[in-house]
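Each remark here refers to the structure printed beneath this line.
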Amino acid sequence: MKVLAVSAGRRMGNCEVLLRHAMRGAAEAGCEVQLIRLQDFEIKPCLGCEVCITKKVLDGGDSVCAIPESADGYSAYVKLALEADGYLLAAPCYNLTAAGRMLDMLNRQHRFLSQLKQKCREKARYAATIGVGGSDWTNFLMPILNFAATELCGSRMHLADQLLAEFHPAPGTVVLEEGLTDRAFRLGRNLAQAMLADQGRDCYLGDAEEVCPICHGSHLQLRHGRLICPTCDIAARVTEEDGALRITWEQGYDLCRWSEYGDKRHLDAIRRGHGRLREHREQVQAALEPLRGAFTPVGP
C-alpha cells in the first residue's frame, strides 16, 4: 500500500516534522511512503474557466484543465496522487485557514477528478491530516484540510485521523511539546490501520473534540435559519442540559453531502445553473457587453 505525504508548509518546518513522524508510523505498519512538498511543484491557481465542469458534468467526459500540463508541476503531482492508496496531508494555518498551496492543489482537483473517482470506486482510499498554527487562530484550518483529504478519497468521508498543533509559530518547536510527535506517529499508524481494515466511512480513529459524527468536525453554521454542519450539510438541534450543550442531528449519512443523495443534488444544481446560461446566452452576453469597457483593470 502506498501513502502519499503532502506538505504545504516550510521545509523542515513544524508541519513537515510532524508529517515525517506520521510517515514513520505508516511505514512501520507496512506502508510504502513518499513525501512531496507543494512548494516544489509550482501549482498555478485555478482560472475559474469551468472547462473541467462542462467536460465532466455537462458532457459526461473525463475532466480536463485549460491550464497546459507544461505550465507548472501539477501533472507530476496528479501522477503521484493517482498512484497512492492513502494520503497524509499537512498544512500550516495562514489567516485562520490552510496555507494557499493546499488550496491551490484543492482548487485544481477537477483536473483529474474523473480518473480519481474511478480509482476510488475500484479501491477505497483513506486520509489523515495534520494542521499547525502559530496561535489559536486556527478556526478554519482543520475543516478545510479535512475537506481536501475527503476530496482525495473521491468525495468519500474516509478520514482516519486528524491532529491540530497550536502555538508553534517558530520552525521545529513541535519537538519540544511532550507527546506531540508520538501522537503524529500514531496518526500515521492509524491511517495504515484504516487502509488495512477498509471500513469505509467507519474508519475514524481520532480523538479530537468533535461535533459532527460524519466529518468529525467541530463547527456549526447558521444558514437559512437552521444550524448545519458546513462540511456535511446536515441540520442540528442544540439544547442545553446542566450547563452543557447537546447537539442532535436531524439527518444521517444518507442525506449528507457525501452520500449518493448529496452528490446527485450537487451535480443537478450545477447542471441547472449551466443550463440557464445555455438557454439565455445571448441575453447574458448583451447584459455584460456595456460593462466590459466601463472600467479598465490596473495592471502590475
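Number 251 in this note's numbering belongs to position 179 of the sequence shown; there are no gaps in the numbering.
Cβ coordinates follow ideal geometry from the N, Cα and C atoms, glycine included.
The structure displayed is predicted, hence computed values, not measured ones.
Residue i: which of the options sits nearest, CA to CA?
i, options, result
"E282", "D233, R228, F113 and G334", "D233"
"D112", "Y166, S147 and S135", "S147"
"L188", "S207, D157 and P164", "D157"
"G297", "R309, T245, R353 and G278", "R309"
"L231", "A221, R344 and L299", "A221"
"E44", "D176, A171 and K74", "The question about residue 44 has no answer here: the residues shown for the chain are numbered 73 through 372."
"L268", "R197, A143, A163 and C121", "R197"
"L236", "G85, P302, M229 and L217", "L217"
"L91", "A143, A138 and L252", "L252"
"I319", "G289, C225, R348 and V356", "G289"
"L119", "A138, G85, Q265 and G324", "A138"
"T126", "A359, E223, Q323 and R344", "R344"
"K151", "R348, K74 and G205", "K74"
"D270", "R228, E104 and A359", "R228"
"T169", "Y149, G278 and P215", "P215"
"Y166", "G145, N211 and G133", "N211"
"P140", "V356, P117, P369 and R348", "P117"
"R82", "A171, E104 and Q323", "A171"
"L160", "G206, L360 and C103", "C103"
"E223", "A242, L213 and W330", "W330"
"M84", "L213, G226 and A242", "A242"
Please classify residue i: does DSSP put it in a helix, a strand, or coil?
i, result
"T253", "helix"
"D233", "strand"
"A94", "helix"
"R193", "helix"
"A156", "coil"
"A242", "coil"
"A307", "strand"
"T368", "coil"
"R228", "coil"
"V283", "coil"
"V356", "helix"
"M177", "helix"
"H288", "coil"
"P28", "Outside the displayed range of the chain (73 to 372) lies residue 28, so it cannot be described from this structure."
"S147", "helix"
"D335", "helix"
"D134", "coil"
"R329", "coil"
"D208", "coil"
"E322", "coil"
"G278", "coil"
To the nearest angstrom, how far is it from the Cα of residue i to the Cα of residue j?
i, j, result
"C284", "H291", "8 Å"
"C275", "E194", "18 Å"
"R364", "H346", "22 Å"
"A307", "I108", "38 Å"
"A77", "K191", "19 Å"
"A80", "G334", "29 Å"
"P362", "L110", "41 Å"
"L154", "D131", "23 Å"
"D326", "P302", "16 Å"
"C121", "A143", "16 Å"
"W209", "L248", "20 Å"
"C304", "A163", "22 Å"
"V123", "V136", "7 Å"
"A94", "D254", "9 Å"
"H240", "V246", "6 Å"
"G145", "D340", "32 Å"
"E312", "E88", "41 Å"
"R350", "L299", "35 Å"
"F219", "N86", "21 Å"
"E250", "E238", "13 Å"
"M174", "Q357", "35 Å"
"D381", "S207", "Nothing about residue 381 can be read from this structure; the chain reaches only from 73 to 372."
"I342", "R348", "10 Å"
"A264", "D134", "30 Å"
State the beta-bridge partners of residue i as determined by DSSP.
i, result
"L317", "E312"
"D270", "For D270, which the question treats as bridged, DSSP gives no partner whatsoever."
"A216", "Residue 216 is actually Ile in this sequence, not Ala. According to DSSP, I216 bridges with nothing at all."
"S142", "The partner list for S142 (beta bridge, DSSP) is empty, contrary to what the question assumes."
"A162", "S79 and I202"
"Q293", "I300"
"K74", "E104"
"R109", "S79"
"T169", "Y166"
Does any residue of chain D have a CB that is nearer than 8 Å to the CB of residue i?
i, result
"E312", "The structure shown has no chain D; it contains just one protein chain."
Open item on the list: Between the region 91-103 and the region 171-191, can you find at least three pairs of beta-carbon atoms closer than 8 Å?
Closed with: Because the criterion of three Cβ pairs below 8 Å is not met, the region 171-191 and the region 91-103 do not touch.
Open item on the list: Quick test of the definition: if touching needs 3 or more C-beta pairs under 8 Å, does the region 255-264 touch the region 199-206?
Closed with: At 8 Å Cβ cutoff, the stretches touch.
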